[in-house]
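Here the protein sequences come in this chain order: G and D. Just so we're aligned, residue 1 is where the first sequence starts under this note's numbering, counting upward by one. Just so we're aligned, residue 188 is where the second sequence starts under this note's numbering, counting upward by one. For every residue, glycine included, the Cβ atom is placed at its ideal position computed from N, Cα and C. The next block holds one structure in the form of structure tokens; read it before the comments.
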Amino acid sequence: MKLSKNDIKKINIFNSLSDNICEEISNKIKLKECKPNNKLFSEGETGSSMILVFQGQIEISKNMAVKSSDGFLVTQKPIIRFETTDPPPDSDPITESTVKISKNSAFGIGEFSLVLDNAIRTANVYSTTNLVYGILKLSDFTDIVKKYPEIGGKIYFEVAKSAVQNLAIATQDISNLTQAFFYVLNR
Amino acid sequence: MKDINIKKINDFIDRQVMLSNELKLKNSYNTFNDDQVPKSKNNILKIFLNKIESNDLIKYAILSFIMLLFSTILLSIVEWNTFSSSASDHLGKDKPTYFDTFFNTFWWSVVTFTTVGYGDVSPVTHIGKIISIIIMLLNFGIVTMLGGAVASVLVTEKLKGDFVLDKNKFKNHIIIAGWNKYIEPMLKIINNHNHLTNIILINEEKNDLVEQSTLLFKNLDIIHLKANPSNDTILNKSNIKNCSVFMIIPDTSGLLPNQKADENKTVLTALTAKSISEEIRVIAHILNQDYESHLQRANVNEIVHIDSHIPHFLAKHITDPGAPQLYNELLHKENGKNGIHVIEIPEELIELTHEQITAYFKLKQNCILLGYAINKAGFSIVDQMGDSGSEIIRKMITEQIDNAGIKLSIDENIVVKINPENTYRVNNKHKAIILR
């Protein structure tokens, strides 16, 4: 599979870019493949690259201490799964999903790394099917932005948008957790 | 002693939980099987055979019938020599005591099978008698089984009961589980309230005894279910989901006069009711305070424990002579009109202050406003969160609270506010407690 500008356009934050810039980005990315159950990101690590997934399914999970029948355990709690639709994964996932599966033609993960040098990964990412993906390094991206300064605004707007959305949800989560905390204290 | 009691109760609770889980499991199995009912003809026969196999009564009835035919045919063959060439030979003559027709052989079979044994006809040959012995012995087993199956069907029918409730009539009704000496005076007070009320009594007291004690209450429509109230089938049958109040009182039905009510049963009944629906308003009367914590854990809405009032009554005789007499007056001299009542506050008074409402009741209705009964709304953490924030966090919160054995919602309940400050404002959740 050879990466084309159209593959890049499938990814949310890049779809407003012009053809030649997408071409440029696609040239910087080397396609890779991996088997299911391969760890792409670990929570807490730092990284300066974004992963673009073109085919397959991944699971995002967070390390959390939860109470189970065996007492308190730190486990990797699945949060969401992402799956490509164009093309769809070449096999069924190795484990049945317990969480929502979000479907997109292709998607990027770790886009905050395009803004922040050595951004801390906020979750674990595992492949759950065979995966075709590419890595976009911050240094390569910075070079492209230097060459075509006009794309900076568009990309950073998309990144900022998703950051603000995440923040709004996080704020509601905190308020839910606070309510639950007081509720439990008063029982 | 107390420890033993608590252990006993915990065992009870565990068993109850296990039972209800099993029931759920069973139910889910049933629906699963129903979905899989095969439709082809071949399988219809299979289902029919299965039905027969699962129904003892039909099974043994068919077996008996086959045995009847079998013995008739067998004996007709071995006693062939005594068969007349024509049945018309005997017409008008003495009846023979041997097998002369198929019908007579069949007659003998039935008479023998039902153990009636008229003896009007019987086998005459030795081989016929030997076969008869074998048939009689075999038959003895089958007839016993058939009798058992008939008895078991009757018992099941009795357990199921022939009682079918009019679901339209029995809504917002009152269910009282248990029977003791207080029930009659209690019903008398409810009767004096002059509202037509539907009441279901569930206890193991004799029907006629219950009828006798409830006959006079013309405002009450009472149905008696003779059963153990901790049984969930019985509670479902009494349409407990739609009742306004489910009251549990210490049950002395079926006990000797000197025996004490088993309060474990009160806890069990409360648990069963709440397991049917959390929404049911359960009021429980207990004699022994040890059971209070168990009832609280069962989320009983109101717990009545009269003995806890005794120290107060006694002490007040010393510190405030007159106060206990007032209580007595209030409690025992109450009739339809006088006494303490909880009434709606007229709409135009809502949002006014306590002082103004007090004046209204004193001047317009000539009664004393003692305070307010306030309906505290329930609270559900799930409703409160709605669909805000991320689904995964909400799911984790509910899961973890549930795992910790904490209920996800708080029931509606009634709190009382006595004689608040004059500036206290009243909203539509308030009802007035007045003394006439």
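Report task. Give a yes or no on whether 8 angstroms exceeds the smallest Cβ distance from A180/G to chain D. Result -> Yes, contact with chain D.
**Report entry** Range covered by the beta strand (DSSP E) that runs through H411/D
**Finding:** Taken as a continuous stretch (DSSP letters only), the beta strand (DSSP E) holding H411/D covers 407-413.
Query raised in the report: According to DSSP, which residues form a beta bridge with E531/D?
Result: Note: E531/D sits in a beta bridge opposite K618/D.
Requested in this report: Answer yes or no: does any C-beta atom of chain D fall closer than 8 angstroms to that of V99/G?
Outcome: For V99/G, the answer is yes, since a Cβ of chain D falls inside 8 angstroms of its Cβ.
Query raised in the report: If you check the beta carbons only, do G47/G and S113/G fall under 8 angstroms apart?
Result: The answer is yes: Cβ separation under 8 angstroms.
Query raised in the report: For Y216/D, which residues of its own chain have a beta-carbon under 8 angstroms away from its beta-carbon, when the five flanking residues on both sides are left out?
Result: Confidence is the limiting factor: at Y216/D the pLDDT is only 42, short of 50, which leaves the residue's position unreliable, though a coordinate-based value still follows. No residues qualify anywhere along the chain.
Query raised in the report: Apart from the five residues on each side of it in sequence, which residues of its chain come closer than 6 angstroms, Cβ to Cβ, to T401/D?
Result: Within the same chain, and ignoring the five residues on either side of T401/D in sequence, the residues whose Cβ sits closer than 6 angstroms to its Cβ are I409.
Query raised in the report: Out of curiosity, what's the CA-to-CA distance linking K103/G and N124/G?
Result: Here the alpha carbon of K103/G sits roughly 19 angstroms from the alpha carbon of N124/G.
Requested in this report: On a CA-only basis, which of S575/D, G526/D, R623/D, L422/D is nearest Q552/D? Give me that one, please.
Outcome: Of the residues S575/D, G526/D, R623/D, L422/D, the one whose Cα lies closest to the Cα of Q552/D is R623/D.
Query - DSSP three-state assignment for E465/D, whether helix, strand or coil - result: Looking at E465/D - three-state DSSP - the assignment turns out to be coil, as it is neither helix nor strand.
Query raised in the report: Since F566/D sits in a beta bridge, which residues does DSSP pair it with?
Result: Answer is I597/D.
Requested in this report: Use the C-beta contact count for W267/D: other C-beta atoms within 10 angstroms, 16 or more gives buried, fewer gives exposed.
Outcome: With fewer than 16 neighbouring CB atoms inside 10 Å of its own CB, W267/D falls in the exposed class.
Query raised in the report: Which chain G residues sit within Cβ distance under 7 angstroms of E578/D?
Result: What E578/D touches in chain G: K100.
Query - Best match in S296/D, F290/D, D307/D for proximity to P283/D [C-alpha to C-alpha] - result: Among S296/D, F290/D, D307/D, the Cα nearest to that of P283/D belongs to D307/D.
Report task. Pull out every residue of the region 373-393 of chain D whose Cβ sits closer than 9 angstroms to any Cβ of chain G, in chain order. Result -> Going along the region 373-393 of chain D in chain order, one finds no residue with a Cβ nearer than 9 angstroms to chain G.
**Report entry** Pairwise C-alpha distance: L595/D and A564/D
**Finding:** Rounded to whole angstroms, A564/D to L595/D spans 14 angstroms at the Cα level.
Requested in this report: Along the alpha helix (DSSP H) that carries T75/G, what are the first and last residues, could you check?
Outcome: It is not in any alpha helix (DSSP H) - T75/G instead sits in the beta strand (DSSP E) that spans 71-84.
Query raised in the report: Counting along the chain, where does the beta strand (DSSP E) carrying Q57/G start and finish?
Result: In the DSSP assignment, Q57/G falls within the unbroken beta strand (DSSP E) covering 57-68.
Requested in this report: If I'm right that A336/D touches Y247/D with Cβ under 8 angstroms, what's the distance once you round it to whole angstroms?
Outcome: With a Cβ gap of about 5 angstroms, A336/D and Y247/D count as contacting.
Query raised in the report: Got a sec? Which residues, its chain only, sit under 8 angstroms from G304/D by beta carbon, not counting five neighbours each side?
Result: For G304/D, where only same-chain residues beyond five positions count, the Cβ hits under 8 angstroms are V298.
Requested in this report: Using a threshold of 8 angstroms, state whether the C-beta atoms of A460/D and I427/D are closer than that.
Outcome: Cβ distance < 8 angstroms, so A460/D and I427/D count as in contact.
**Report entry** CB-CB length for T259/D against F293/D, believed under 8 angstroms
**Finding:** Correct: roughly 5 angstroms between the Cβ atoms.
Report task. Check the Cβ-Cβ distances between I176/G and every residue of chain D, and say whether any is below 8 angstroms. Result -> Going by the sequence as given, residue 176/G is Asn instead of Ile. Using a Cβ-Cβ cut-off of 8 angstroms, N176/G counts as an interface residue toward chain D, since at least one Cβ of chain D sits closer than that to its own.
Query raised in the report: Apart from the five residues on each side of it in sequence, which residues of its chain come closer than 8 angstroms, Cβ to Cβ, to D438/D?
Result: Closer than 8 angstroms at the Cβ level, and outside the excluded window around D438/D, lie A364, G365, W366, N367, N390, E391, P416, A448, D449, K452, T453.
Report task. Please name the residues in the region 547-575 of chain D whose beta-carbon is closer than 7 angstroms to at least one beta-carbon of chain G, in chain order. Result -> Those residues of the region 547-575 of chain D that come within reach of chain G (Cβ to Cβ, closer than 7 angstroms) are I568, Q571, M572, S575.
Query raised in the report: Got a sec? Which residues, its chain only, sit under 8 angstroms from V602/D by beta carbon, not counting five neighbours each side?
Result: So the qualifying residues of the chain are A560, I561, K563.
Query - C-alpha distance - A180/G paired with L52/G, whole-angstrom precision - result: About 37 angstroms.
Query raised in the report: So, is N291/D buried or exposed, given that buried needs 16 or more other C-beta atoms within 10 angstroms?
Result: Classification for N291/D: buried.
Query - Beta-carbon proximity list for P36/G, same chain, < 7 angstroms, skipping 5 on both sides - result: Hits under 7 angstroms: I94, S127, T128, T129, N130.
Report task. Have a look at D574/D, A591/D, I621/D, E599/D and flag the residue whose alpha-carbon is nearest the alpha-carbon of N194/G. Result -> Residue 194/G falls outside the range modelled here, since chain G spans only 1 to 187, and no answer is possible.
Query raised in the report: Where do the N-terminal and C-terminal ends of the alpha helix (DSSP H) with K524/D fall, by residue?
Result: Per DSSP, K524/D lies in no alpha helix (DSSP H) segment and is marked neither H nor E.
Query raised in the report: Among I463/D, I470/D, L388/D, which has the Cα closest to the Cα of A414/D?
Result: Nearest of I463/D, I470/D, L388/D to A414/D, Cα basis: L388/D.
Query raised in the report: Does the region 72-90 of chain G come close enough to the region 158-168 of chain G to have 3 or more Cβ pairs within less than 8 angstroms?
Result: Result no; under three Cβ-Cβ pairs closer than 8 angstroms.
Query raised in the report: Relative to chain D, which residues along the region 160-173 of chain G have a C-beta separation below 7 angstroms, given in chain order?
Result: Per Cβ criterion, the list reads I169, Q172, D173.
Query raised in the report: From the beta carbon of I79/G, is the nearest beta carbon of chain D less than 8 angstroms away?
Result: At a cut-off of 8 angstroms between beta-carbon atoms, I79/G makes contact with chain D.
Requested in this report: Please determine, among L262/D, T302/D, T301/D, Q571/D, the residue with the shortest C-alpha to C-alpha distance to D287/D.
Outcome: The residue with the shortest Cα to Cα distance from D287/D is L262/D.
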